[in-house]
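Chemist: Below you will find the structure I want to go over with you.
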Amino acid sequence: MKLVIFLLALLPLDRLIYRALTDGLGANPIEFITRSTGTWALVLLCITLAMTPLRLLIGSSQPIKCRRMLGLFCFFYASLHFVIWLWLDQSFDLAAMLKDIVKRPFITMGFLSFVLLIPLALTSTHWAQRKLGRRWTLLHKLIYVIAVTVILHYWWHKAGKNDLQTVSIYAGVVFILLCCRIPWMRNQLTKLKLS
Amino acid sequence: MTYQDPQILPSDITPQAVYKKRRQLIQAAAAGSFGLALAPWFSREVLAANAQTLAATPNPLYVGKEDLTPLKDVTGYNNFYEFGTDKRAPAENASTLQTRPWTITVEGLVKKPMTFDIDALLKLAPMEQRVYRLRCVEGWSMVIPWDGYPLSSLLSKVEPLGSAKYVEFVSLADRKQMPGVNSPILDWPYREGLRLDEAMNPLTLLTFGLYGEVLPKQNGAPVRVVVPWKYGFKSAKSIVKIRFTEEMPTTSWYKYAPSEYGFYSNVNPAVDHPRWSQASERRIGDPKGIFAPKIKTQMFNGYGDQVASMYAGMDLKKFY
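So the sequences go chain by chain: X and P. Under the working numbering, the first residue of the first sequence is numbered 1, with each subsequent residue one higher. Under the working numbering, the first residue of the second sequence is numbered 1001, with each subsequent residue one higher.
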């Protein structure tokens, strides 16, 4: 099961490599790979967030066992997204990068999301989980904040070109997934399983 | 006009004959790969989808030493929201556009309001080819050989009145031909505008073709303007009406987001877009590949010698 998910999660990267090798990245390849990796980071974030409601619905802990790997793949695509921006857009000019982060709210949100993902990725091991105990759970609640900053990042990127259809769908999905954390909704989901 | 683009050499442009030969080769190769039996059918399709040529004389003042953007990128990466918001959507959807019959109505503050048929427009002035840099507000750029003649040739025919200060362009907005018009993404029809002196500037081109062929539909067929010192969206596509006004026209993008798309929208590396810097640009189809560093954006997209005087004394941060 885990192996299947691992291979599936690599597909977006395989697709990019395949397209790069076959001249399939379109007229603006950098824009294409930046957007693609960003989108897949968001998709994996949504899938990761979907594991808890899924567990409640099917009453099996199987989804939770896959959650760490999915979260790490989210971090992996977010890292690619960030590095491409830093490298191909900012040419590793850290001063320019910081200026952009301070000046432009959509970059601020993207950068913040990435920075907040780092501690989650670093503490994803069983060892850290044991070591941190209850604080681990608290720390990993950060993912709810990240979900919001990611949507803001995407939304503000699209705002101004009046092309909000796609981002609205993602915002809706994230909203529903976050609502599943409300105790009343959790109970409803659990009941659904029982009936 | 004694201006000479400093980066120019006529020898740098691919001659039309060579370019055509390449297309024939590609066509032949493609037909071959479909098998001999299908070849006639295939080449008929190619002819149908493609293009009549447009006899235009290269204007030696406007040829660049920069590499031309490949035709497939010029025609495959477009912002033309009437056909969808994705950059590939216009190429996919624009085949439904009917470019004949087509007329442009010129009206407003003019002595002689007139309606011009596209065939009359094509013959109105000698057709020239000019290589211009195109800078999109999104931070990418192209180098395109356009075919047309100065807009002033058309505008002077209708004899603008002294009270006329601006020129407004209205694009076609037909739900049947343009799927994007069914979405409320902008207040259709698309409207753009120029100050009268900008519209009369010799650089402003009334454009009917590119690369020596009639305009592909996704590039604004059958007739558009090209204003090379401004961001790309100022160059209205598929124009059906030109109106002379006294008041500054409210343009489509300005109406939607005035803080992001000013009326002037001159290419200016010193004035950032709210969401990104305009100091540099990415050249589409850069032969140096994807690791090529971004190019520094030039003031007025490099056409300052010809246009800067129109803005003397204006605060271009305020009038962005």
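Built from N, CA and C at the ideal position, the CB exists for glycine as well. All figures in this text were calculated on a predicted structure; none of them were measured in a lab.
1) Please report the distance separating the alpha-carbon of L1121/P from that of K1255/P.
2) Mapping DSSP to helix, strand and coil, what is W1041/P?
3) Nearest to A1066/P by alpha carbon, out of Y1149/P, G1148/P, P1216/P, I1144/P?
4) Per DSSP, what kind of secondary structure is P105/X in: helix, strand or coil?
5) Under the rule that 16 or more other beta-carbon atoms within 10 Å means buried, what is C179/X, buried or exposed?
6) Return helix, strand or coil for I1185/P, following the three-state DSSP convention.
7) Candidates P1101/P, G1108/P, V1131/P: which alpha carbon is nearest I1118/P's?
8) Using a Cβ cut-off of 8 Å (strictly closer), state whether A27/X contacts chain P.
9) Hey, quick one: how far does the alpha helix (DSSP H) through L132/X stretch, first residue to last?
10) Whose C-alpha, out of Y144/X, A128/X, I169/X, is nearest the C-alpha of I182/X?
11) Thinking C-beta only, is Y1264/P closer than 8 Å to L1203/P?
12) Nearest by alpha-carbon distance to S1163/P: which of A1221/P, V1225/P, R1195/P, L1054/P is it?
13) State buried or exposed for T125/X, treating a residue as buried only when at least 16 other CB atoms are found within 10 Å of its CB.
14) Along chain P, which residues have their Cβ under 8 Å away from the Cβ of D163/X?
15) Residues in its own chain within less than 7 Å of L1047/P by CB, not counting five upstream and five downstream?
16) Taking one C-beta from the segment 1069 to 1086 of chain P and one from the segment 1275 to 1285 of chain P each time, how about it: are there three or more such pairs within less than 8 Å?
17) Since L1172/P and S1235/P are thought to touch, with beta carbons under 8 Å apart, how far apart are those beta carbons, to the nearest angstrom?
18) At a Cβ threshold of 8 Å, is G1262/P touching chain X?
19) Given 8 Å as the limit, is there contact between the segment 71 to 79 of chain X and the segment 37 to 44 of chain X, that is, 3 or more CB pairs closer than that?
20) Roughly how many angstroms separate the alpha carbons of V1223/P and A50/X, rounded to a whole number?
21) Could you tell me which uninterrupted beta strand (DSSP E) segments, each at least 3 residues in length, are contained entirely in the segment 1149 to 1200 of chain P, listed from first to last along the chain?
22) So which residues on chain X does Y1149/P lean against when the C-beta distance must stay under 9 Å?
23) Whole angstroms are fine: how far does the CA of V4/X sit from the CA of M1142/P?
24) Mapping DSSP to helix, strand and coil, what is D1086/P?
25) Using beta-carbon positions only, say whether G1148/P and V1167/P come within less than 8 Å of one another.
26) Can you tell me whether Y1062/P is buried or exposed, with buried defined as 16 or more other CB within 10 angstroms of its CB?
27) Tell me the DSSP bridge mates of F1116/P?
28) Give the straight-line distance between the Cα atoms of T1245/P and Y1261/P, rounded to the nearest whole angstrom.
29) Can you give, in chain order, each stretch of the beta strand (DSSP E) that sits fully within the segment 1205 to 1249 of chain P and has at least 3 residues?
30) Evaluate V167/X with the Cβ neighbour count: other Cβ atoms within 10 Å of its Cβ, from every protein chain shown; 16 or more gives buried, anything less gives exposed.
31) So, under 8 Å CB-CB, L1161/P and V1110/P are touching, yes? Tell me the CB distance rounded to an integer number of Å.
32) Among Y1211/P, A1292/P, Q1278/P, whose alpha-carbon lies nearest the alpha-carbon of R1135/P?
33) Roughly how many whole angstroms lie between the Cα atoms of F1080/P and L1186/P?
34) Output the distance between the C-alpha atoms of V1158/P and P1113/P, rounded to the nearest integer angstrom.
35) Taking C-beta pairs closer than 9 Å, name the residues in chain P that L70/X reaches, listed in chain order.
36) Comparing alpha-carbon positions, which option in G1220/P, V1137/P, D1197/P lies nearest V1170/P?
Modeler: Quick look at the numbers:
1) Straight-line Cα distance between these residues: approximately 30 Å.
2) Note on W1041/P: pLDDT 40, under 50, position unreliable in the model; no value is reported.
3) Checking the sequence, you will find Glu at residue 1066/P rather than Ala. Selected option, being the one with the closest Cα: I1144/P.
4) In the structure shown, P105/X sits in a helix (DSSP, three-state: H, G or I).
5) Exposed, by the Cβ-count rule.
6) In the displayed model, I1185/P falls within coil according to three-state DSSP, outside both helix and strand.
7) Among P1101/P, G1108/P, V1131/P, the Cα nearest to that of I1118/P is on P1101/P.
8) A27/X belongs to the set of residues whose beta carbon lies under 8 Å from a beta carbon in chain P.
9) Unbroken alpha helix (DSSP H) run through L132/X: 126 to 132.
10) Closest by alpha carbon: Y144/X.
11) At the C-beta level, L1203/P and Y1264/P stay beyond 8 Å of one another.
12) Selection A1221/P, V1225/P, R1195/P, L1054/P evaluated against S1163/P yields R1195/P as nearest (Cα-Cα).
13) Classification of T125/X: exposed, given that the 10 Å Cβ count is below 16.
14) Those are T1085, I1185, listed as they occur along chain P.
15) With a pLDDT of only 40 at L1047/P, under 50, the local geometry of the prediction cannot be trusted, and the value read off the model is given with reservation. Non-local beta-carbon contacts of L1047/P in its own chain, meaning distances under 7 Å to residues more than five positions away in sequence, are absent.
16) Three or more Cβ pairs drawn from the segment 1069 to 1086 of chain P and the segment 1275 to 1285 of chain P lie within less than 8 Å of each other, which places the two stretches in contact.
17) About 15 Å separates the beta carbons of L1172/P and S1235/P, which is beyond the 8 Å limit, so they are not a contact pair.
18) Not one chain X Cβ lies under 8 Å of G1262/P.
19) When C-beta atoms of the segment 71 to 79 of chain X are compared with those of the segment 37 to 44 of chain X, three or more pairs fall below 8 Å, so the two segments count as touching.
20) So the alpha carbons of these two residues sit roughly 51 Å apart.
21) The segment 1149 to 1200 of chain P contains these whole beta strand (DSSP E) runs: 1166 to 1171, 1191 to 1195.
22) Residues of chain X with a Cβ closer than 9 Å to the Cβ of Y1149/P do not exist; the shortest Cβ-Cβ separation is about 28 Å.
23) Their Cα atoms are separated by approximately 43 Å.
24) Three-state DSSP puts D1086/P in coil, outside helix and strand.
25) Result no, Cβ atoms of G1148/P and V1167/P do not sit closer than 8 Å.
26) Under a 10 Å Cβ-count criterion, Y1062/P is classified as buried, with 16 or more other Cβ atoms of the shown protein chains found around its own Cβ.
27) In DSSP, F1116/P forms a bridge with I1104/P.
28) Just so you know, the alpha carbons of T1245/P and Y1261/P end up roughly 20 Å apart.
29) For the segment 1205 to 1249 of chain P, whole beta strand (DSSP E) runs of length 3 or above, ordered along the chain, are 1205 to 1210, 1224 to 1226, 1239 to 1245.
30) By the neighbour-count rule (16 or more Cβ atoms within 10 Å), V167/X is buried.
31) That belief holds up - the Cβ atoms of L1161/P and V1110/P are roughly 6 Å apart, short of 8 Å.
32) Comparing C-alpha distances from R1135/P to each of Y1211/P, A1292/P, Q1278/P shows the shortest one belongs to Q1278/P.
33) Computed Cα separation, rounded: 12 Å.
34) In this model, V1158/P and P1113/P are separated by some 6 Å (Cα to Cα).
35) The contacting residues do not exist; L70/X stays about 28 Å from chain P at best.
36) Nearest option by C-alpha distance: G1220/P.
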